[in-house]
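Below: the structure, in structure tokens.
There are 2 protein chains.
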Amino acid sequence: MGNLTLPLIDPASDRAVFKQISDHLRGEIEAGRLQPGDKVPSESQLIEHYGVARMTIRQALRELQSEGLTVAEHGRGVFVRSRPPVRRLGSDRFARRHRDHGKAAFIAETEGIGGKPSVDSIQVDETQAPADIGDRLSLGSDARVIRRSRRYLINGHPVETAVSYIPAEIARGTQISTPDSGPGGIYARLEELGHRLDHFDEDIRARMPTRDEARALKLPPGVPVFHLVRTAFAEGGRAVEVCDTVMSSDAYVLSYHLPAR
Amino acid sequence: MGNLTLPLIDPASDRAVFKQISDHLRGEIEAGRLQPGDKVPSESQLIEHYGVARMTIRQALRELQSEGLTVAEHGRGVFVRSRPPVRRLGSDRFARRHRDHGKAAFIAETEGIGGKPSVDSIQVDETQAPADIGDRLSLGSDARVIRRSRRYLINGHPVETAVSYIPAEIARGTQISTPDSGPGGIYARLEELGHRLDHFDEDIRARMPTRDEARALKLPPGVPVFHLVRTAFAEGGRAVEVCDTVMSSDAYVLSYHLPAR
DNA sequence: CAGTGGTCTAGACCACGCG
DNA sequence: GCGTGGTCTAGACCACTGG
């Protein structure tokens, strides 16, 4: 089992056996004797080392997995999790000066950290606004919206899903309701349509993913998501877009600038 | 088992039995037939209903727990999780006009949502700056800092731990290095000392809690944390404080305002 | 006390990966 | 084919909660 320093179970301790085992393994990871990408000893090796039943070992391993420290790969083994490149979302990512350069925010930022950006499953349709979205857009209960759904990937690995809602009255028949929103993205199009943007509000939650989200982002167990809802306001105060995004928490650091005023 | 509509296992399906069971229960929760606070059928009831072994039921229940949908209470049962009151952290929470009113941000905001705020385990000491903190404060490697640790509670339930670091050179011998930082908190004291605050930078991550964090915040399994690191800058650009906080993700929505500039 | 969930055992068969 | 993890069974004893 390599250079690991795994003690034996202390039968006198009142700490559960599986917790003692997960403590040992967690200690090896935190001490760096098990590095990201390293293989954790197999179940059979641990069974032999500790002299316990298989389910006890599995419970210890599940503990580590639910803490986001390891991933199990069927037929290969259990590995210490290695983090993908982290994308930093800065407060100024929607500044007009970036938009004017013609690249959508995601592409520019991802190239900036040396990753290969891509976008897939772009779907655009017109639909009834969900209630919470309608509220944020200050629309009536029967309002129609253009809905743009897409998924963002870095180096082929999905990191974020996003759904934008724009009042149909604004976007219908424009490039916003076509899959390719053009240079600078939909914010550039909104400004061309005369909706000069003034500010954005972002609400951020963190939670465990639903089953669908875990599938769409290929999330291993133990990785939470950021759920970010951004509302874009035009000068004059009208809400012109709501963007509902779900991001893999280990692909992102969100970064904000607050004036002391 | 009440009004629940729990189907039987489909033996023809290739979906694992325990996943079929957790799908059923998840459906009852999402449909609202199991409301927050409701008791999920007991293991023995589920064993009888589905005719499977206990470990299979337990695996299904663990699935729901790791998704943050339920909590198990030893000797009582498994319950649908009910959310505590959510505290919204707004962009303007450190605006000077609030500080001038003399209430620290946490107290004022919590009373605003009808909760009873409290703070405990306040510890203050002087220590060597950890490397990452020293970097953020632009201090040398042997720099000393005043460290202020505390835990915030709403209605007696812990929601956040915070550790502030202030260069010792600034804070030594002032009220900042005493447990009670006085009206308006340490930001008010820093300004009185001539460090007029200009802006704050916040970095936000989400992840599963460590064991220590889960204990300090009494987090049930399946609840991630926000890890927020805020740096306070004085006019002139000097970093005068770093605050490292860990927040229960289901007690908070973070809210930010971004100018379109 | 009865009922609940928490831990643990000692097996079984299966599906996946890799050589 | 062999070793890996994934699922499942059928028991056991324990600790906690509540009447």
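First to last, the sequence lines map onto chains B and Z. Each residue of the first sequence is one higher than the one before, starting from 1 at the first, in UniProt numbering. Each residue of the second sequence is one higher than the one before, starting from 1 at the first, in UniProt numbering. Even glycine gets a Cβ: it sits at the ideal position worked out from N, Cα and C.
{"query": "Cβ-based burial, ALA16(Z) [other Cβ within 10 Å; buried from 16]", "result": "exposed"}
{"query": "Cβ neighbours of residue 283(B) in the same chain (closer than 8 angstroms, five flanking residues each side left out)", "result": "Because chain B is modelled from 1 through 261, residue 283(B) falls outside the range shown and cannot be assessed."}
{"query": "Residue span of the alpha helix (DSSP H) that contains LEU258(Z), given as start and end", "result": "No alpha helix (DSSP H) holds LEU258(Z); the beta strand (DSSP E) holding it covers 252 to 259."}
{"query": "contact_flag[the region 60 to 71 of chain B, the region 216 to 223 of chain B] where n(CB pairs < 8 angstroms) is 3 or more", "result": "yes"}
{"query": "Residues of the region 195 to 227 of chain Z with Cβ closer than 7 angstroms to any Cβ of chain B, in chain order", "result": "LEU197, ASP198, HIS199, PHE200, ASP201, GLU202, ASP203, ILE204, ARG205, ALA206, ARG207, MET208, PRO221, GLY222, PRO224 and PHE226"}
{"query": "Backbone secondary structure at LYS218(B) - three-state DSSP", "result": "coil"}
{"query": "Neighbourhood of TYR256(B) by C-beta distance below 6 angstroms, restricted to the same chain and skipping five residues each side", "result": "SER91"}
{"query": "C-beta neighbour in chain Z for HIS74(B), strict 7 angstroms", "result": "no"}
{"query": "Identity of the residue in ALA12(B), THR5(B) and SER44(B) nearest LEU25(B) by Cα", "result": "THR5(B)"}
{"query": "Presumed contact (8 angstroms Cβ cut-off) between ARG205(B) and HIS227(B), rounded CB distance", "result": "4 angstroms"}
{"query": "Complete runs of the alpha helix (DSSP H) confined to the UniProt domain \"HTH gntR-type\" (15 to 83) of chain B [at least 4 residues]", "result": "17 to 30, 43 to 50 and 54 to 66"}
{"query": "Minimum Cβ-Cβ distance from ALA95(Z) to chain B less than 7 angstroms", "result": "yes"}
{"query": "Integer-rounded CB distance, given that ARG150(B) should sit under 8 angstroms from VAL119(B)", "result": "5 angstroms"}
{"query": "Best match in PRO259(Z), ARG87(Z) and VAL163(Z) for proximity to VAL124(Z) [C-alpha to C-alpha]", "result": "VAL163(Z)"}
{"query": "Option in ILE122(Z), ASP142(Z) and SER121(Z) with minimal Cα separation from ALA131(Z)", "result": "ASP142(Z)"}
{"query": "Exposure label - ILE122(Z); buried when at least 16 CB within 10 Å", "result": "exposed"}
{"query": "LEU153(B) to GLY182(Z) span [Cα, whole Å]", "result": "48 angstroms"}
{"query": "Selection from GLY236(Z), GLY185(Z) and MET247(Z) that minimises the alpha carbon distance to GLU213(Z)", "result": "MET247(Z)"}
{"query": "Straight-line gap, SER66(Z) to GLY51(B) (C-alpha atoms, nearest Å)", "result": "28 angstroms"}
{"query": "Local Cβ density within 10 Å of LEU8(Z), reported as buried at 16 or more and exposed below that", "result": "exposed"}
{"query": "Where the beta strand (DSSP E) through ASP203(Z) begins and ends", "result": "197 to 207"}
{"query": "Residue-chain proximity (SER249(B), chain Z), Cβ-Cβ < 7 angstroms", "result": "yes"}
{"query": "CA nearest to the CA of GLY37(B), picked from VAL253(B), PRO84(B), SER249(B) and ALA188(B)", "result": "PRO84(B)"}
{"query": "Buried/exposed call for GLU30(B), threshold 16 Cβ in 10 Å", "result": "exposed"}
{"query": "8 angstroms Cβ cut-off: residues of chain B touching PRO158(Z)", "result": "Ordered by position in chain B, no residue passes the 8 angstroms Cβ test against PRO158(Z), which lies about 17 angstroms from the chain."}
{"query": "Reduced DSSP secondary structure (H/G/I, E/B, other) of LEU139(Z)", "result": "coil"}
{"query": "Enclosing alpha helix (DSSP H) for ARG87(Z) [first to last residue]", "result": "Segment 87 to 89 is the beta strand (DSSP E) holding ARG87(Z); no alpha helix (DSSP H) there."}
{"query": "Through-space distance from ALA168(B) to GLY194(Z), alpha-carbon basis", "result": "53 angstroms"}
{"query": "Spatial distance of ALA105(Z) from ALA188(Z) (CA atoms)", "result": "11 angstroms"}
{"query": "Min CB distance SER164(Z) to chain B below 7 angstroms", "result": "no"}
{"query": "GLU63(Z) burial status per 10 Å Cβ neighbour count (16 or more: buried)", "result": "buried"}
{"query": "Own chain partners of PHE200(Z) with C-beta closer than 8 angstroms, once the 5 adjacent residues on each side are dropped", "result": "PHE94, ARG230, THR231, ALA232 and PHE233"}
{"query": "GLN45(B) and PHE18(B) closer than 7 angstroms at C-beta", "result": "no"}
{"query": "According to DSSP, residues forming a beta bridge with ALA232(Z)", "result": "PHE200(Z) and GLU241(Z)"}
{"query": "Any chain B beta carbon closer than 7 angstroms to GLU67(Z)", "result": "yes"}
{"query": "Residue 267(Z) and ALA171(Z) closer than 7 angstroms at C-beta", "result": "Residue coverage of chain Z in this structure runs from 1 to 261, which leaves residue 267(Z) outside it and unanswerable."}
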